[in-house]
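In short: position in the sequence shown from 1, add 19, done, that's my numbering. Quick reminder that beta carbons are idealized off the backbone N, C-alpha and C, glycines included. Since we're looking at a predicted model, the values are computed, not measured. Note sheet for the following structure.
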Amino acid sequence: MTGQARTLRLFDALLELPDHQRGEFISRECAGDRKLRDELEALLAADAAAAGFLDGPLLPTAQPQADQRVGPYRLLRELGSGGMGRVFLAERADTLYAKQVAIKFLRHDLGDLRERFGNERRILAALDHPNIAKLIDAGNLAHDAPYVVMEYVEGEPITRHCERASLGLRQRIELFLQVLEAVEHAHAHLIVHRDLKPENILVGGDGVPKLLDFGIAKLLEPEARGLTRTGWSPMTPEYAGPEQARGESVGTASDVYSLGVLLFQLLTGERPYVIATLSPAEIERIVCQVEPPRPSALAHAHGGANIDRDLDHIVLKALSKEVAGRYRSCQQFADDLRRYLEGRPVHARATPPLQIALKFARATALRSAPRSPLRWRCCSALAWHWCRRGAPTSRRRSRAASAIAPSASPSSSPACWPPPIRPPAVARSPWSACSMRPPVAWNRRRAVMPR
Numbered sequence: 020m021t022g023q024a025r026t027l028r029l030f031d032a033l034l035e036l037p038d039h040q041r042g043e044f045i046s047r048e049c050a051g052d053r054k055l056r057d058e059l060e061a062l063l064a065a066d067a068a069a070a071g072f073l074d075g076p077l078l079p080t081a082q083p084q085a086d087q088r089v090g091p092y093r094l095l096r097e098l099g100s101g102g103m104g105r106v107f108l109a110e111r112a113d114t115l116y117a118k119q120v121a122i123k124f125l126r127h128d129l130g131d132l133r134e135r136f137g138n139e140r141r142i143l144a145a146l147d148h149p150n151i152a153k154l155i156d157a158g159n160l161a162h163d164a165p166y167v168v169m170e171y172v173e174g175e176p177i178t179r180h181c182e183r184a185s186l187g188l189r190q191r192i193e194l195f196l197q198v199l200e201a202v203e204h205a206h207a208h209l210i211v212h213r214d215l216k217p218e219n220i221l222v223g224g225d226g227v228p229k230l231l232d233f234g235i236a237k238l239l240e241p242e243a244r245g246l247t248r249t250g251w252s253p254m255t256p257e258y259a260g261p262e263q264a265r266g267e268s269v270g271t272a273s274d275v276y277s278l279g280v281l282l283f284q285l286l287t288g289e290r291p292y293v294i295a296t297l298s299p300a301e302i303e304r305i306v307c308q309v310e311p312p313r314p315s316a317l318a319h320a321h322g323g324a325n326i327d328r329d330l331d332h333i334v335l336k337a338l339s340k341e342v343a344g345r346y347r348s349c350q351q352f353a354d355d356l357r358r359y360l361e362g363r364p365v366h367a368r369a370t371p372p373l374q375i376a377l378k379f380a381r382a383t384a385l386r387s388a389p390r391s392p393l394r395w396r397c398c399s400a401l402a403w404h405w406c407r408r409g410a411p412t413s414r415r416r417s418r419a420a421s422a423i424a425p426s427a428s429p430s431s432s433p434a435c436w437p438p439p440i441r442p443p444a445v446a447r448s449p450w451s452a453c454s455m456r457p458p459v460a461w462n463r464r465r466a467v468m469p470r
């Protein structure tokens with residue numbers, strides 16, 4: 020992280036603290052760095068001098084209220100507020116048809132984000148996916164305050180839904196796969212969400228997850244990168260990737276990381292990190308340096324689902340500190356989860372060849388072998404491999420059996436030559452019988468050959 024970015028992040032944290040705690044914060048974060056201390060103190064002085072400049076509302080009229088008309092809609096009640104603005108539940112006020120929607124307004128004290136809000140309208144209009152809340156309308160109030168009319172999703176966060184419905188491990192993964200498909204669709208349009216968390220993924224009564232709030236989404240197009248950024252990039256620290264915590268550029272890999280945190284939480288009921296601090300330096304240290312635990316260990320400690328090593332590797336690959344170590348796309352992430360559900364080897368784990376063969380036989384050949392000659396051939400190849408592995412052992416047994424009757428010869432007693440080789444009383448595996456036959460036949464041919 021550059022020195023300027025670190026200074027801005029520390030300044031943002033200072034503004035969140037009361038006056039009597041700022042001196043202690045500066046001493047702790049700027050220990051030994053006089054230049055950083057001077058910069059922070061200068062920023063605080065400039066902020067104090069500008070106090071009152073934005074005390075009045077930036078918009079000339081009052082904020083939206085219940086029963087207010089917005090185009091053909093009437094506001095019913097406020098649903099919530101966030102970094103981008105306030106969200107209201109509304110309904111059609113005309114007689115054309117009855118429909119409830121969610122209308123999002125730009126907050127009056129965040130006028131510097133108007134350009135980004137205008138960007139949000141374009142982003143939502145470009146997306147069309149059953150798991151993404153649809154954009155219905157957009158416009159401006161009389162005083163130019165922008166708003167968007169979005170599909171109203173009546174549901175609960177995905178984590179709460181899984182707990183309330185007591186979903187099993189497989190059901191949770193299948194639900195998560197729908198989220199991956201929606202995010203992959205957004206990435207195909209060069210859109211990064213940047214704030215994926217349970218509160219932005221609601222599950223309705225029909226069990227279908229919906230992605231909400233592209234208010235901090237960022238197009239990967241060059242012209243979109245020129246948006247003015249004031250202060251720290253908006254994010255949720257518990258779900259932010261290391262590059263996001265360091266204030267670096269954000270790409271699709273950041274969404275993959277956030278989805279890894281979400282999957283970890285769906286499987287274990289907890290997040291991989293506990294962040295109970297507002298200090299940017301401490302947040303960066305935890306996210307960038309603290310390794311997450313294995314989901315199986317955490318789930319076992321709490322008596323949760325039985326998570327095996329394959330699923331551990333999938334989650335930890337998505338949570339890699341390095342971008343290159345993560346899945347390259349949500350599609351790869353989803354493919355590995357499907358392989359896990361089907362009992363096939365996953366790409367996140369370096370699986371030994373023998374285990375790959377056994378997984379393939381169990382998940383594929385044994386399921387529908389009578390109808391697939393190709394699968395029969397694969398099973399035969401696996402059996403041949405085991406037979407070849409057992410051949411040296413069988414040859415040693417043959418030589419030992421031949422040593423029992425050294426005086427026998429083909430000419431003296433051809434009827435009883437070679438002496439019969441009996442298999443062990445208890446075979447060690449079902450492959451041992453087939454592994455002995457080729458060496459015995461070879462010994463028999465060698466015995467009758469003229470010397």
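The alpha helix (DSSP H) enclosing residue i, as first and last residue numbers
| i | result |
| --- | --- |
| residue 365 | Taken as a continuous stretch (DSSP letters only), residue 365 belongs to no alpha helix (DSSP H), as it is neither H nor E. |
| residue 264 | 261 to 264 |
| residue 12 | Outside the shown range of the chain, which is 20 to 470, sits residue 12, and nothing can be said about it. |
| residue 280 | 271 to 287 |
| residue 194 | 188 to 207 |
| residue 167 | That residue, residue 167, is in no alpha helix (DSSP H); its beta strand (DSSP E) goes 165 to 170. |
| residue 353 | 349 to 360 |
| residue 43 | 38 to 48 |
Cβ pair residue i, residue j closer than 8 Å
| i | j | result |
| --- | --- | --- |
| residue 87 | residue 171 | no |
| residue 98 | residue 108 | yes |
| residue 9 | residue 349 | Nothing in the structure corresponds to residue 9, since the chain is present only between 20 and 470. |
| residue 273 | residue 263 | yes |
| residue 333 | residue 365 | yes |
| residue 288 | residue 337 | no |
| residue 91 | residue 117 | no |
| residue 150 | residue 197 | yes |
| residue 368 | residue 329 | yes |
| residue 186 | residue 194 | yes |
The beta strand (DSSP E) enclosing residue i, as first and last residue numbers
| i | result |
| --- | --- |
| residue 105 | 104 to 111 |
| residue 229 | 228 to 230 |
| residue 294 | Taken as a continuous stretch (DSSP letters only), residue 294 belongs to no beta strand (DSSP E), as it is neither H nor E. |
Residues near residue i in its chain [Cβ-Cβ closer than 8 Å; skip 5 each side]
| i | result |
| --- | --- |
| residue 481 | Any question about residue 481 goes unanswered here, given that the chain covers just 20 to 470. |
| residue 425 | With a pLDDT of 46 at residue 425, under the threshold of 50, the modelled position of this residue cannot be trusted; read the value that follows with caution. Once the five neighbours on either side are set aside, residue 425 has no close Cβ partner at all. |
| residue 431 | Below a pLDDT of 50, predicted positions are generally treated as unreliable, and residue 431, at 43, falls in that range; no measurement from the model is reported. |
Per-residue DSSP class, three states only, for residue i
| i | result |
| --- | --- |
| residue 176 | strand |
| residue 473 | Outside the displayed range of the chain (20 to 470) lies residue 473, so it cannot be described from this structure. |
| residue 100 | strand |
| residue 116 | coil |
| residue 144 | helix |
| residue 344 | helix |
| residue 313 | coil |
| residue 243 | Per-residue confidence for residue 243 stands at a pLDDT of 46, beneath the threshold of 50, marking its modelled position as unreliable; the derived number appears in the next sentence. DSSP places residue 243 in helix when its eight states are reduced to three. |
| residue 213 | coil |
| residue 335 | helix |
| residue 86 | coil |
| residue 487 | The shown model of the chain, from 20 to 470, leaves out residue 487, and the question about it has no answer. |
| residue 94 | strand |
| residue 158 | strand |
| residue 51 | coil |
| residue 327 | coil |
Residues of its chain near residue i, where Cβ-Cβ distance is below 6 Å and the 5 sequence neighbours each way are ignored
| i | result |
| --- | --- |
| residue 340 | 261 |
| residue 256 | 294, 302 |
| residue 176 | 217, 218 |
| residue 55 | 49 |
| residue 208 | 145 |
| residue 296 | none |
Sequence-distant residues of the same chain with beta carbon closer than 7 Å to residue i, five excluded per side
| i | result |
| --- | --- |
| residue 155 | 120, 168, 169, 170 |
| residue 345 | 272, 275, 276, 336, 337, 339 |
Problem - Three CB pairs or more closer than 8 Å across the stretch 175 to 182 and the stretch 153 to 166 - result: No, they do not touch.
Practice task
Say whether the stretch 208 to 220 touches the stretch 300 to 309, bearing in mind that this needs 3 or more beta-carbon pairs closer than 8 Å, one atom from each stretch.
Solution key: As far as the Cβ criterion goes, the stretch 208 to 220 does not touch the stretch 300 to 309, which means the pair count is below three.
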